[in-house]
Structure formats: C-alpha cells, structure tokens
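**Student:** Take this structure first; my questions come after.
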C-alpha cells in the first residue's frame, strides 16, 4: 500500500511532473506565442512605422510634387506673363517702328521740311582739311569791277526776315503736308556727306542739294496758293541757273572766239576747262509765254578753304572800301599778326563782295549774296544810294542753337527762303532797274582791278589763319539778343510788333514803280489789302500799252511784212498793218511811209542813244549766237524784231546781213525783211541782257511768224503743206546762191500774213554763185545788187566745184524733210 501509495504518489508526482512539464511546455508555448505575438506586434509596429514612413514619404513626395507642380504653374504663369510683356513690348516696338516709319516717310509740313533739311543735310557740311585735296582757282583777267564806296550793315535784315515769315505763315497753310519726307532727306544727307568741301565745285554740289533745291521746292508749292501769290511775286517759280548763258562771257564758244581774237597773256589766260563761273543766277520764270525770265538775285560761291568764316567775321565791318582797302596806305607787318590777319581778311572779303556787287549793278539787281557754305553774306543795294552796299552775315549752324524756338527760321534753308521772297517782292514792286539807270550809276562809281584768286595767292600760307580765335571778334555770329520769331499778322497780331511791321512795309513800298506803271501783274491777280482800287484800272491800261513778244498777244503788235518791205523799198503803207494809224501821222493810209528807210534807221539810232529802256523789250526766245527783242520806233510806231549779239559774234550777224542782202528779192515772202543794224559800241553803250550777256550789236528784222508746232496745232495746215512750203523757200534761196546749212525746226517759221514758211537764222549760211541767172521778175531792183561774194569771208570761192554746191543744196532739202519726218514724234502732232 505504501508501495501503492508510493506508486500512486509517484504516479501523481509523475502526473504532476508531466502536468508541470506540460504546463511548462504550455507556458513555453504561450511564451513563444507571446513572443511570436510580441514579435508579430513588433513587426506589425515596424511595418506600421514603415507604412507610416512610407505614407510620410509619399505625403512628402506628394507635397514636393505639389510644390513642383505649383512651381511649374508659377513658372508657366511667369512665362505667360513674360510672353505677354514681350508681346506688348514687341507690339509697342512695332507701333513705334510703324510710327517712326510713318513719320519718316510721310510728307512734311513746311516747318518740318526746313528743319529736316538742316538736321539731315546741311549739318553734314564738312570742309576738306588736307590742302593737297583743295584745288586752286584759275586766275582770270582782273578787269575793272564796279566797286561800292561804302560798306554798311543791313540793320533791318532780321526785321524783314521776320516780316517775310509772318506773311508766309499768314498766307500759306503751314500744316499742309506737301513736302519731301524725312527718309528722303536722310538719304540725301548721307550722299552729300561723302563729298568734303574742297573747292567751289564741291561747294556748289553741297549747296544745290542742301539749300537751293529745297528753296526751289518750297517756292513751287507756294505758287500753288493764291493768297501767297497775292503777297509775293512768285510768277511760275524760280530757277537756280548754274550754267552760263550761251552768249555769256564765260560760255565756251564765246571764250574761244574771244581767245582767237585777242592775244593771250600767259598769266591771265582763261582755262577752258574751268569756264563755269562760281556764280548762281536765281531767276523767276514768268507766266506769260513769251516773256523772258526775270533775274531775282545773284549768288556767288567762294570755297571755305580760301575765304574762311574767320575772314568774314573780321573783314565785314562798316567802311569806306576805296579809302580803307583799295587805297590803304599802311600795311601791318608780321610783328602784329592780329593786325596783319585783319588786313588780309578785309582785303579778301572786300575783293569777294566787290565782284558780287559788280554783277548786281550790271544786272540792275537789289539783292545778292556771297556764300562759303557754312556762312552766307546777304547783300542789298539801295538804288537811291547805289554806292553803298548793305551786308548781313548769317551763320546758320550757330544761330539755330542760339534760337531753338525759331529753329527753322535760322536754318540755311529758312534764311535763303526768306531772302528769296524778299527779293521776289510783292506784286507791283520794282524788281529790276533799267539800262539807263544802271548806266547812270556806273558813270558815278569807281572801279577796282582786283582778282580774288590773285589776292589770295599774294598772302603767305602762314598768314591766312588767325593767330588766336579767343577774341570776341572771332566768335560765331548768333544774334542771340535779337528776337527771331515771325511777326504775327492778321490772325495773331501783336500790338508791339505793329509799328515795326508798318515801318518795314513802308520801306518795301518805297520800291514800288510810279503809279502809272505800278504793277506787272495780270488784271485778274488778287490785290493785296491796302492797295487802292484805282491801281487796277491803271494796271489794265498799262498792260494794253506794254510791248509784247507775239503778234497774237495783248499789247502792241508787230508790223506786217508788206509794211516793212514798203518802208525798205520806198513803197506805200500797208492799210492792214496793225500800227498803220501810228505810221500815218494824219496822212492818208494810201500814202507813202512818213520817212525814208535811211531816215528811219537814223531815228532808231537816236532813240537808242537816248534810252535802251524805251521802245525795246527783251524776249524769251533766242539762239546760240543771238537774243531777241521787240523794238518799237516810238516816233512812228513801227514795231519789229531786234536780234542782238555779243562782241564775239558780231561777225556772224554782219555775215547774216550780207545773206539778207543777197536774199533781197525773197524778203517779206520766204525770209523776213532786213531793216538794218546798229552797233551800240558806236554810242558807247552796252545792253545788259541777262547776267554776263553784253549785247553790243543789234540787227533789225520783221517778225517771222509762229513756230511750226503752233501752226499745226491751230489748224488749217498739215505738215505736208508746211514741208512743201519750206522746201519751196529753200529752193528760192538756192536760186539766189545761198546754202542755209542750218535747217532746223527752230529756224523755220510759219507766217500767217503771207501764208508761207519763212527761213531764218543765216549765221552759218554760205553764199555761192547762183546756179543760174535769176528770173527778171524775181529781182525788180537788180541794178542795186552788189556782188556779196567778195564782201563776206563765208562766200564760196570761185573755185568751189559745182558738185559740192549741189550737195549743199541737196543737204538743205534733206534736212528740211528730216525736220518734218521728226515733227510727229517730237510734238505728237498727227500727220
């Protein structure tokens, strides 16, 4: 039992041990499970932490992506804003470019145009500084030139300039855009800047482009405005003539003739490659078809390399030129360089302006100027005191800076424009002084045999510039203490300015012609305010009396061929002559002429000795060797043509007279009537026709007729009719032994009185032996014929073979046919 108890106890103990083992195992398993759970929880916690970290990372990534998206969106917004700003800037720049382009290319107003001419063109003025590239002018024969006694400042120049611009602003629409654009002027400035000023030729090129042509363009626009033409005598516009007249003393053929006729002096011979004078003639074209252009003023060029602006600043001062320059007794030495430079400056300046003054006097002008480009001396002669020359020095470069509010007025174009309008004057003003007034003035003037180039070369190079330019005398002329703005007239009148305007107007009115010859305007031209109504009727009366250049024009008409042929041959008056009542002198119209041809010519000579103004009127037409006049013998009213020439071509008109004598049987039918010739030198006179054209010989002829173009345009004749008439006239000339040798369109006229073509201009004609004896009925006064073959050097010699003479005749006929063949293409006239 005890054993059983022991066994039971053991069993129990075993069971307990097993139980404890199982419990321990269970406890271990629970512990393992707990540990596993703890591990699992730890893993879950770790996983949770990892998930949390992952979620945090994802959230951070999301936030970063959001930030990136936000940054990108902001960047896109900024880029879009920047693009919009760039677009706005591009649009603004495009608008500015468009505005600038439009501003550059659109037409300008008159003020804009004048300003742009200065800023874009005139401001590009550059003087050549290399003396090797500056040419030396040729020395001309220093013949005596009319010299002013006194040189005085033109004190009211700026007042007249202001008044002129005031009138211009009051009459021209200043906002009208009718002038060239800025782009054109900028391009022009680029071109002129490429040529530095080294001599007068380059100076002419610069001034023509930068000043003269712009002034011409402005005047062309002004002439289109009626209110402007009522204030200024603009006519048909102005021309800057930069080449000599065919009969001028510097024209090539004239110089060649004079050179052949006069022995050459080595020091003073002309260089035929430099014939063009350094002068510009400014002329006004007239509206009347046969009226010649009218000289307005003369502009003289001097290279700024020779006559400097310092010379002008010092040399221009009030002085007695003859006493203080021409006959100066003391000459400074190099000990006093300033005094020596002043002496040279005064002599050079006086020499230059004396030449301009000389041609102003010869041409009967009140206005002229001398320019070196960067500065211009405006000149004026008061013909009440013609020995005094008034001057005004203008320096546009410095004046525009001193007067910014009146910029355009102070420019070179502005000042030339005002000066040109001042010289043109208002309708009715006396512009050109007559031949006899000029002659009277010349008789009281002294002369000065001085050549500018000779004077310049006599000055050593080291004495031609100022030793110091700090003296006030050397400073630019700016007139900074003088008001430059235009006077305000009708629309914006200032009370303070009125007395000055009235004063200047009265001075301008002093230049008017006498009341019975007060205006050269046609009757329908508007009359400026202040002019009396009675002047209109006087103007109409004067126009009716004034000689004119065409038989169809209002005024005195030309005598008929029959009238003048009767005068020459001692026949009867022509009842159909428009001037027969003046010829009659209370005699019956069927009577003979009141005087013989010889007496008639003597009366004409006495008339010309008395005056070269009365009964003689310049005409626009002329040729290479002659100019034309309408001439009236005032005693009996005979009106005819005068054909004048200069000394170099007197022999040509003498030869032509011999030709007319040979053609005596054809006069009044195939050629005009030859009335004789007068040499003005026999009466110690010269007719100053235009600038540097000195007429000394005049041949008198009947009026030939209309041009062929006019004859065709007016109807009644075809070119075939006229060609037949021309050939008939030439063959009649050939029968008289004359070869024309210059059969041109301009040398054939249609005469409606005789209904025939007349040949004219026989300077180049050749006299030959007639091909056969002329018919008796063609030579009614044969016994008075003279053998002109022995009288004229152009007569063919007796050895001239018949074949060559025949070729000359045939050439005349062929030339005539070619003229008519070319007529349609030249003038557009249907055959």
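Residue numbers (full-length UniProt numbering): 1 to 831. Ideal Cβ placement from N, Cα and C applies to all residues, glycine included.
Write down the C-beta distance between residue 717 and residue 709 rounded to the nearest angstrom, noting that I regard them as a contact closer than 8 Å.
**Tutor:** As a position in the chain shown, residue 717 is number 717, starting the count at 1. As a position in the chain shown, residue 709 is number 709, starting the count at 1. Their Cβ separation, rounded to whole angstroms, is 12 Å, which puts residue 717 and residue 709 out of contact at 8 Å.
**Student:** Could you tell me whether the stretch 326-342 touches the stretch 370-384, where touching means 3 or more Cβ pairs closer than 8 Å?
**Tutor:** Verdict: no, contact absent.
**Student:** Could you please give me the residues that DSSP links to residue 299 through a beta bridge?
**Tutor:** Translated into the one-based positions of the chain shown, residue 299 becomes position 299. Note: residue 299 sits in a beta bridge opposite 280 and 369.
**Student:** With a threshold of 7 Å on Cβ separation, who are the neighbours of residue 761 within its own chain once the five nearest residues in sequence on each side are excluded?
**Tutor:** Mapped onto the chain shown, residue 761 falls at position 761. Counting only Cβ-Cβ distances below 7 Å, and skipping sequence neighbours, we find 623, 742 and 747.
**Student:** Going along the chain, which unbroken runs of the beta strand (DSSP E) with 3 or more residues stay wholly within the stretch 625-654?
**Tutor:** Entirely contained in the stretch 625-654, the beta strand (DSSP E) runs reaching 3 residues are, in chain order, 627-633 and 638-645.
**Student:** With H, G and I counted as helix, E and B as strand and the rest as coil, what does DSSP make of residue 110?
**Tutor:** Looking up residue 110 in the chain shown gives position 110. Of the three classes helix, strand and coil, the one that applies to residue 110 here is helix, per DSSP.
**Student:** Since residue 357 is in the alpha helix (DSSP H), which residue starts that stretch and which ends it?
**Tutor:** Sequence index remark: in the chain shown, residue 357 carries index 357 (1-based). That run of the alpha helix (DSSP H) goes 337-363.
**Student:** Run through DSSP, which three-state label would residue 175 get?
**Tutor:** As a first step, residue 175 is located in the chain shown; it is residue number 175 there, counting from the start. Coil, per DSSP.
**Student:** Would the beta-carbon of residue 662 fall within 8 Å of that of residue 738?
**Tutor:** Here the question's residue 662 lines up with position 662 in the chain shown. Here the question's residue 738 lines up with position 738 in the chain shown. Going by C-beta atoms, residue 662 is nearer than 8 Å to residue 738.
**Student:** Residue range of the beta strand (DSSP E) that residue 759 falls in?
**Tutor:** The residue labelled residue 759 in the question sits at position 759 within the chain shown. Where residue 759 is concerned, the enclosing beta strand (DSSP E) stretches over 756-759.
**Student:** Which whole-angstrom value is the C-beta distance of residue 409 and residue 486, which I expect to be below 8 Å?
**Tutor:** Residue 409 sits at position 409 when you count from the first residue of the chain shown. Residue 486 sits at position 486 when you count from the first residue of the chain shown. About 7 Å separates the two Cβ atoms, so the contact holds.
**Student:** Quick check on residue 320: does DSSP put it in helix, strand or coil?
**Tutor:** Residue numbering aside, residue 320 sits at position 320 when the chain shown is read from its first letter. DSSP places residue 320 in strand when its eight states are reduced to three.
**Student:** Please go through the same chain and pick out, in chain order, the residues whose beta-carbon is closer than 6 Å to the beta-carbon of residue 18, but skip the five residues on each side of it.
**Tutor:** Counted from its first residue, the chain shown places residue 18 at position 18. Here the set comprises nothing.
**Student:** So, under 8 Å CB-CB, residue 415 and residue 394 are touching, yes? Tell me the CB distance rounded to an integer number of Å.
**Tutor:** On the chain shown, position 415 is the one that residue 415 refers to. On the chain shown, position 394 is the one that residue 394 refers to. Their Cβ separation, rounded to whole angstroms, is 5 Å, which keeps residue 415 and residue 394 in contact under 8 Å.
**Student:** Hey, residue 166 and residue 489: beta-carbon distance below 8 Å or not?
**Tutor:** Start at 1 with the first residue of the chain shown, and residue 166 comes out as number 166. Start at 1 with the first residue of the chain shown, and residue 489 comes out as number 489. Yes, they are a contact pair.
**Student:** Given this structure, state the Cα-to-Cα distance separating residue 322 from residue 149, to the nearest angstrom.
**Tutor:** Position 322 of the chain shown holds residue 322. Position 149 of the chain shown holds residue 149. The alpha-carbon atoms of residue 322 and residue 149 are separated by roughly 6 Å.
**Student:** What span of residues does the alpha helix (DSSP H) with residue 409 cover, start to end?
**Tutor:** Counting from one through the chain shown, the residue named residue 409 turns up at place 409. Looking at the DSSP string, the run of the alpha helix (DSSP H) that includes residue 409 is 407-410.
**Student:** Could you give the first and the last residue of the continuous beta strand (DSSP E) run that contains residue 390?
**Tutor:** As a working mapping, residue 390 is identified with position 390 in the chain shown. Taken as a continuous stretch (DSSP letters only), the beta strand (DSSP E) holding residue 390 covers 388-394.
**Student:** Rounded to the nearest angstrom, how far is the Cβ of residue 640 from that of residue 675, given a contact under 8 Å?
**Tutor:** The residue labelled residue 640 in the question sits at position 640 within the chain shown. The residue labelled residue 675 in the question sits at position 675 within the chain shown. Right, their Cβ atoms sit about 6 Å apart.
**Student:** In whole angstroms, what is the alpha-carbon distance linking residue 226 and residue 407?
**Tutor:** Position 226 of the chain shown, counted from the start, is the residue given in the question as residue 226. Position 407 of the chain shown, counted from the start, is the residue given in the question as residue 407. Roughly 27 Å between the two C-alpha positions.
**Student:** Buried or exposed: which applies to residue 203, given that a residue is buried once 16 or more other Cβ atoms fall within 10 Å of its Cβ?
**Tutor:** Sequence index remark: in the chain shown, residue 203 carries index 203 (1-based). Counting Cβ neighbours within 10 Å, residue 203 comes out buried, since at least 16 surround it.
**Student:** On the criterion of 16 or more Cβ atoms from any shown chain inside 10 Å, does residue 97 qualify as buried, or is it exposed?
**Tutor:** Residue numbering aside, residue 97 sits at position 97 when the chain shown is read from its first letter. Exposed, since its Cβ has fewer than 16 Cβ neighbours within 10 Å.
**Student:** How is residue 121 classed by DSSP in three states: helix, strand or coil?
**Tutor:** In the chain shown, counting from the first residue as 1, residue 121 sits at position 121. Reduced to three states, the DSSP call for residue 121 is helix.
**Student:** According to DSSP, is residue 698 helix, strand or coil?
**Tutor:** The count along the chain shown starts at 1 and reaches residue 698 at position 698. Strand, per DSSP.
**Student:** Roughly how many angstroms lie between the CA atoms of residue 21 and residue 34, to the nearest whole one?
**Tutor:** Residue 21 sits at position 21 when you count from the first residue of the chain shown. Residue 34 sits at position 34 when you count from the first residue of the chain shown. Near 18 Å, if we compare the C-alpha coordinates of residue 34 and residue 21.
**Student:** Tell me which residue opens and which closes the beta strand (DSSP E) that residue 616 is part of.
**Tutor:** Taking the first residue of the chain shown as position 1, residue 616 is located at position 616. Run containing residue 616: 616-622, per the beta strand (DSSP E) assignment.
**Student:** Could you tell me which uninterrupted beta strand (DSSP E) segments, each at least 3 residues in length, are contained entirely in the stretch 206-250, listed from first to last along the chain?
**Tutor:** Counting only runs of 3 or more, we get 238-241.
**Student:** Suppose you measure from the CA of residue 554 to the CA of residue 769; what does that come to, to the nearest Å?
**Tutor:** Counted from its first residue, the chain shown places residue 554 at position 554. Counted from its first residue, the chain shown places residue 769 at position 769. Reliability of the predicted coordinates at residue 554 is poor, the pLDDT of 39 falling under 50, and no value is obtained from them.
**Student:** Please go through the same chain and pick out, in chain order, the residues whose beta-carbon is closer than 8 Å to the beta-carbon of residue 88, but skip the five residues on each side of it.
**Tutor:** Here residue 88 corresponds to residue number 88 of the chain shown, with the count starting at 1. The answer is none, since no qualifying residue turns up.
**Student:** At what residues does the alpha helix (DSSP H) containing residue 580 begin and finish?
**Tutor:** Working through the chain shown from its first residue, we reach residue 580 at position 580. Where residue 580 is concerned, the enclosing alpha helix (DSSP H) stretches over 580-584.
**Student:** At a cut of 8 Å, does the stretch 422-434 reach the stretch 181-195 through at least three beta carbon pairs?
**Tutor:** Verdict: no, contact absent.
**Student:** Is there contact between the stretch 279-289 and the stretch 311-330, where contact requires at least three CB pairs shorter than 8 Å?
**Tutor:** As far as the Cβ criterion goes, the stretch 279-289 does not touch the stretch 311-330, which means the pair count is below three.
**Student:** Whose C-beta lies closer than 6 Å to the C-beta of residue 437 among residues of the same chain, with five residues either side of it excluded?
**Tutor:** Stepping through the chain shown from its first residue, residue 437 is reached at position 437. Answer for residue 437: no residue qualifies.
**Student:** Comparing C-alpha positions only, which one of 822, 724 and 158 sits nearest to residue 399?
**Tutor:** Your numbering for residue 399 matches position 399 in the chain shown. It is 158 whose Cα lies nearest to the Cα of residue 399.
**Student:** Using only the alpha-carbon positions, how far apart do residue 440 and residue 634 sit?
**Tutor:** Taking the chain shown and counting its residues from 1, one reaches residue 440 at position 440. Taking the chain shown and counting its residues from 1, one reaches residue 634 at position 634. Residue 440 and residue 634: Cα-Cα distance of roughly 22 Å.
**Student:** Determine the direct distance from the alpha carbon of residue 308 to that of residue 217, and round the result to whole angstroms.
**Tutor:** By one-based count along the chain shown, residue 217 stands at place 217. By one-based count along the chain shown, residue 308 stands at place 308. Roughly 29 Å between the two C-alpha positions.
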